[in-house]
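Notes follow the structure.
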Amino acid sequence: MLEPINISLESLNLSTLAPMLIPVIGALLILAIDIIKGGLDKTLYVAISLLFLFIDFNAVLASATTFSADGTIMGVFDM
Numbered sequence: 322m323l324e325p326i327n328i329s330l331e332s333l334n335l336s337t338l339a340p341m342l343i344p345v346i347g348a349l350l351i352l353a354i355d356i357i358k359g360g361l362d363k364t365l366y367v368a369i370s371l372l373f374l375f376i377d378f379n380a381v382l383a384s385a386t387t388f389s390a391d392g393t394i395m396g397v398f399d400m
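For any residue, its number in the working numbering is found by taking its place in the sequence shown, counting from 1, and adding 321.
The structure is reproduced here in structure tokens:
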């Protein structure tokens, strides 16, 4: 039989997931705004999406030190 795989939360680098979650949260916010208050101008949606892309870009730049350790690039499982 196969043995279960045990992954500790310490080895799972959750801060590397933040740049991927920011656009998802922005998209859900745009959908929620459209459902609650329909018929808004398209420039509002463009402005919100650009705001979340700017926040995402800053998160990627801020997490650049998280991805590198001793000159090596680290991923989600620190590999």
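We put the CB at the ideal spot given by N, CA and C, even for glycine. All values derive from a computational prediction rather than experimental measurement.
What residue range does the alpha helix (DSSP H) around residue i cover?
i, result
"Gly347", "339-357"
"Asn379", "363-383"
Among the residues of its own chain, which have a CB less than 6 Å from the CB of residue i, if the five just before and after it don't count?
i, result
"Ala339", "Ala380"
Residue i and residue j look like a contact to me (Cβ under 8 Å); what is the Cβ gap, rounded to whole Å?
i, j, result
"Ile376", "Tyr366", "Contact flag wrong, Cβ pair sits at about 16 Å."
Could you name the residues of the same chain whose beta carbon sits closer than 7 Å to that of residue i, not counting the 5 residues immediately before and after it, in chain order?
i, result
"Ile343", "Phe373, Ile376, Asp377, Ala380"
Is residue i near residue j, with beta carbons less than 8 Å apart?
i, j, result
"Ser384", "Thr337", "yes"
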